[in-house]
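I have placed the structure first, in the form of structure tokens, so that the comments after it can refer back to it.
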Amino acid sequence: MKASFGRYVLLKKIAVGGMAEIFLARRLSFAGFAKFVVIKRLLPEHRGRKAYEQLFLAEARITAALNHPNIINVHDLGALDDAYFIAMEYVHGMSTAEMMALAAKKGLKVPLAVALYATRCVAAALHFGDASPDLEGEPFRVIHHDVSPHNIQLGLDGRVKLLDYGVATRMHLDAPGGRRGKYAYMAPEAIARGKVDPRADLFSLGVCLYELTVGRRLFKGANPKETKAKAVAGKVPRPTQIRPDYPPALEAVLFKSLARDPDARYQSGHALAEALDDVARELGLNAGPKALSEFLTELLGDAVEKRRVELQELARASTPRKPGDAAPGSATEAVHIEREEHTGSLDESIPAEPSLALPSAPPPDESTPPPAVSSGHANADDLARAQAQAEAISAFAEPSDGPSMAELPPGANDGEEADWDALVSAPLSNWRRLTLLVALLGAVAAAGAFFVGQHLGSAGPSTGTVTVESEPSGARVFDGSKLLGMTPFETEPSAFGTVYRLRVEKPGFEAWTSTLSVTPRRPHRSVSVILKKSR
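In my numbering, the protein residues as written are 708 to 1242.
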């Protein structure tokens, strides 16, 4: 087992955000009861800071109050070792952004049945958050503020879940002049810092529907400034001019969802869901969980079985050897938990151009990580090829594209975070990365923390390997003065006792250094570094 945290066992540290850190965990109880969950824990540096604690608790309260099949479930809220944490439902699948990225990479279109079903489920979730009564009998009137493909989780079993109510507000408590979310999905009234209501979320969902069905980004620019300019201009190319087979009835629904005037949009999530159902019936589509499950299974291929095996291994690792055994370690040790497998982030997305060809990259600081070279020692040509390949798949990378609301503390809403449970990644080295991604509140922030672990697999009876990841990716990895490659990176097998004097560098960030070795007890070392921006 990995590290105990109260009634939970922390299995993997998936991500670190501006406000919290995210773990895949398992809830264990008597009589063999066990359940995979996701633990979100307030970062140590924010403990005792009222603004962060209030925001963290507000997310838990809002999400827990919204008991709906298409909203992620909150199982628990608590405090342990002076740290607030939220235990959330684990959904085995991938985010909508991941699905679109993988489909684009394989030259596939997302089936209309899948797009309509996923969108209508989110519309139903938004309607519930808007119209369902609270304990006083008043409508909740919740505004999500951050509806985007990264926050729509798709399960292999056909479930659709809206995530991340971290910047959500209730309408009667929200002051005008605030701005939350991402420019690429933000309603015009939100960009203008005007008064927003739940119809702003329907506009954001309309952008998601456009990207799902057209196969291109709508307002995404090469940088945050350009993205904002495109969103402000609000130009929406007609889908029927991009895809001649695009259904006119769906185009009509889309343009109503994307109306600049909130009064011209659908006035409720229920109305939008009904309109999408009408389109599905008109087209004779079976827009339901079966269509979604079948498409994801086809898209992921062999990774479905690999993921099942990985979960089996994690379950075995977290099960006490005999009744009454406790998980070793303590909650405070969880920052440096052991892990069985290299984990990383597939930060790709659908193309920003009409075709499914992959376009050029955004500026260097916003590009996705270059693939790690397969050999342990990279030369200049290897690195150049790696960088070029990375640039070819970076169209859907989501930099932070909008300032957060003035009332939010720094880091609470500063960009994208890795998605929950991506099962497929690009071939970033000579072994496939199988990633767990979580889209929960906020971006991966520039912090100075790192953690060390292990990944599954063997390199032989007398050799070991070292894997280095960084956030942001694409950093250079040195052993002393020798350039090894660029993150994410895995060394060639080396003899036990080999000592690595690691240095990780990226322009604009402070260098990170550490010394470690491979041994029979720890043959596979994995280091994740969160680089701190230079002052």
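Note that CB positions come from ideal geometry on N, CA and C, so glycine has one too.
*Simplified DSSP assignment, three categories, for Q860*: Translated into the one-based positions of the sequence shown, residue 860 becomes position 153. The answer is strand: DSSP assigns Q860 an E or B state.
*Quick one: what does DSSP say D984 is sitting in, helix, strand or coil?*
One-based indexing of the sequence shown puts residue 984 at position 277. In the structure shown, D984 sits in a helix (DSSP, three-state: H, G or I).
*Can the beta-carbon of L863 be found less than 8 Å from the beta-carbon of H799?*
Locating residue 863 in the sequence shown gives position 156, where the first residue counts as 1. Locating residue 799 in the sequence shown gives position 92, where the first residue counts as 1. In contact: L863 and H799 (Cβ atoms closer than 8 Å).
*How would you label V1184, buried or exposed, when you count the other beta carbons within 10 angstroms and need 16 or more for buried?*
Here residue 1184 corresponds to residue number 477 of the sequence shown, with the count starting at 1. Its Cβ being crowded by 16 or more others within 10 Å, V1184 is buried.
_Status (buried if at least 16 other CB within 10 Å, exposed otherwise) for R1015_ = Within the sequence shown, residue 1015 is the residue found at index 308, counting from 1. Exposed: under 16 other Cβ atoms inside 10 Å.
*Starting from E896, trace the alpha helix (DSSP H) both ways and give me its first and last residue.*
Counting from one through the sequence shown, the residue named residue 896 turns up at place 189. It spans P895 to I898 - the alpha helix (DSSP H) in which E896 sits, taken as one unbroken run.
*asked:* Classify E728: buried if its beta carbon has 16 or more other beta carbons within 10 angstroms, exposed otherwise.
replied: Locating residue 728 in the sequence shown gives position 21, where the first residue counts as 1. When all chains shown are included, E728 counts as buried.
_Need the endpoints of the beta strand (DSSP E) that S1224 sits in, please._
Numbered from 1 along the sequence shown, position 517 holds the residue referred to as residue 1224. Residues W1219 to S1224.
*Of all the beta strand (DSSP E) runs that stay within the bounds of the segment 930-983, which reach a length of 3 or more residues?*
Correct list: empty.
_Burial state of T1004, where buried means 16 or more other Cβ atoms lie within 10 Å_ = Residue mapping note: residue 1004 aligns to position 297 of the sequence shown, counting from 1. Exposed: under 16 other Cβ atoms inside 10 Å.
*Taking just the CA atoms, how far does F926 sit from L992?*
As a first step, residue 992 must be located in the sequence shown, where it is residue number 285. As a first step, residue 926 must be located in the sequence shown, where it is residue number 219. Straight across, the Cα-Cα distance linking L992 with F926 is about 28 Å.
*Measure the C-alpha to C-alpha separation of T947 and L999 and round it to an integer number of angstroms.*
Residue mapping note: residue 947 aligns to position 240 of the sequence shown, counting from 1. Residue mapping note: residue 999 aligns to position 292 of the sequence shown, counting from 1. Within the model, the alpha-carbon separation for T947 versus L999 is close to 24 Å.
*Does DSSP classify E918 as helix, strand or coil?*
Your numbering for residue 918 matches position 211 in the sequence shown. Helix at E918.
*asked:* So, with DSSP's three-state summary, where would you put K997?
replied: Here residue 997 refers to the residue found at position 290 when the sequence shown is read from its first residue. Helix, per DSSP.
_Sufficient close CB pairs (3 or more, under 8 Å) joining the segment 824-835 to the segment 753-761_ = In the pairwise beta carbon analysis, the segment 824-835 is classified as not touching the segment 753-761: fewer than three pairs are separated by under 8 Å.
*Closer than 6 Å by C-beta to H834: which residues in its own chain qualify, once you throw out the five before and the five after it? Chain order, please.*
Residue numbering aside, residue 834 sits at position 127 when the sequence shown is read from its first letter. S975, G976 and H977, listed in sequence order.
*Inter-stretch contact at 8 Å, needing at least 3 Cβ pairs: the segment 869-878 / the segment 811-821*: No: fewer than three Cβ pairs fall under 8 Å.
*Starting from F835, trace the alpha helix (DSSP H) both ways and give me its first and last residue.*
If you number the sequence shown from 1, residue 835 lands on position 128. Start and end: L819 to A838.
*asked:* For A1010, tell me which candidate among R756, A936 and L809 has the shortest Cα-Cα distance.
replied: The residue given as residue 1010 occupies position 303 in the sequence shown. That would be L809, whose Cα lies nearest to the Cα of A1010.
*Contact between the segment 1173-1192 and the segment 1207-1220 (3+ Cβ pairs under 8 Å)*: The segment 1173-1192 vs the segment 1207-1220: in contact.
*From the DSSP output, which residues share a beta bridge with V1211?*
Within the sequence shown, residue 1211 is the residue found at index 504, counting from 1. Answer is V1184 and W1219.
*In the DSSP assignment, what residue or residues form a beta bridge with M726?*
Sequence index remark: in the sequence shown, residue 726 carries index 19 (1-based). Paired residues: none, contrary to the question.
*asked:* Give me the residue from H852, I778 and L764 with the minimum Cα distance to G785.
replied: The count along the sequence shown starts at 1 and reaches residue 785 at position 78. Relative to the Cα of G785, the nearest Cα in the group H852, I778 and L764 belongs to L764.
*List the DSSP bridge partners of A1171.*
As a working mapping, residue 1171 is identified with position 464 in the sequence shown. Position check: residue 1171 holds Gly in this sequence, whereas Ala was assumed. DSSP, once it has assigned bridges, lists S1201 as partnering G1171.
_With the cut-off set at 8 Å, would you say P1200 and T1170 are in Cβ contact?_
The residue you call residue 1200 lines up with position 493 of the sequence shown. The residue you call residue 1170 lines up with position 463 of the sequence shown. Going by C-beta atoms, P1200 is nearer than 8 Å to T1170.
*Alpha carbon to alpha carbon, what distance is there between N780 and F743?*
Mapped onto the sequence shown, residue 743 falls at position 36. Mapped onto the sequence shown, residue 780 falls at position 73. Note on geometry: alpha-carbon atoms of F743 and N780 lie some 13 Å from one another.
*Alpha carbon to alpha carbon, what distance is there between V1173 and T1198?*
For the purposes of this step, residue 1198 is identified with residue 491 of the sequence shown, where counting begins at 1. For the purposes of this step, residue 1173 is identified with residue 466 of the sequence shown, where counting begins at 1. Put simply, the backbone Cα of T1198 is about 5 Å away from that of V1173.
_Suppose you measure from the CA of V986 to the CA of L957; what does that come to, to the nearest Å?_
For the purposes of this step, residue 986 is taken as residue 279 along the sequence shown, with counting starting at 1. For the purposes of this step, residue 957 is taken as residue 250 along the sequence shown, with counting starting at 1. The C-alpha of V986 lies about 6 Å from the C-alpha of L957.
*Can you tell me the Cα-Cα spacing of P1106 and N930, whole angstroms?*
Here the question's residue 1106 lines up with position 399 in the sequence shown. Here the question's residue 930 lines up with position 223 in the sequence shown. Here P1106 scores only 36 on pLDDT, less than 50, and its place in the model is too uncertain to base an answer on.
*With DSSP as the reference, label K1013 as helix, strand or coil.*
The count along the sequence shown starts at 1 and reaches residue 1013 at position 306. Helix, per DSSP.
*Do the CB positions of R967 and V921 come within less than 8 Å of each other?*
As a position in the sequence shown, residue 967 is number 260, starting the count at 1. As a position in the sequence shown, residue 921 is number 214, starting the count at 1. No; because the gap between Cβ atoms is not below 8 Å, this pair is not in contact.
*asked:* Using the Cβ count rule (16 or more neighbours within 10 Å means buried), how would you classify K932?
replied: Taking the sequence shown and counting its residues from 1, the one referred to as residue 932 is at position 225. Burial call: exposed.
_Sequence-distant residues of the same chain with beta carbon closer than 6 Å to G928, five excluded per side_ = Numbered from its first residue, the sequence shown carries residue 928 at position 221. Answer for G928: T934 and K937, listed in chain order.
_Cβ-based neighbour list, L961, same chain, cut-off 7 Å, excluding 5 preceding and 5 following_ = Taking the sequence shown and counting its residues from 1, one reaches residue 961 at position 254. Result list for L961: G913, L916, Y917 and P946, in chain order.
*Have a look at G901 and F1216 and give me their C-alpha separation to the nearest angstrom.*
For the purposes of this step, residue 901 is taken as residue 194 along the sequence shown, with counting starting at 1. For the purposes of this step, residue 1216 is taken as residue 509 along the sequence shown, with counting starting at 1. Cα-Cα distance, rounded: 36 Å.
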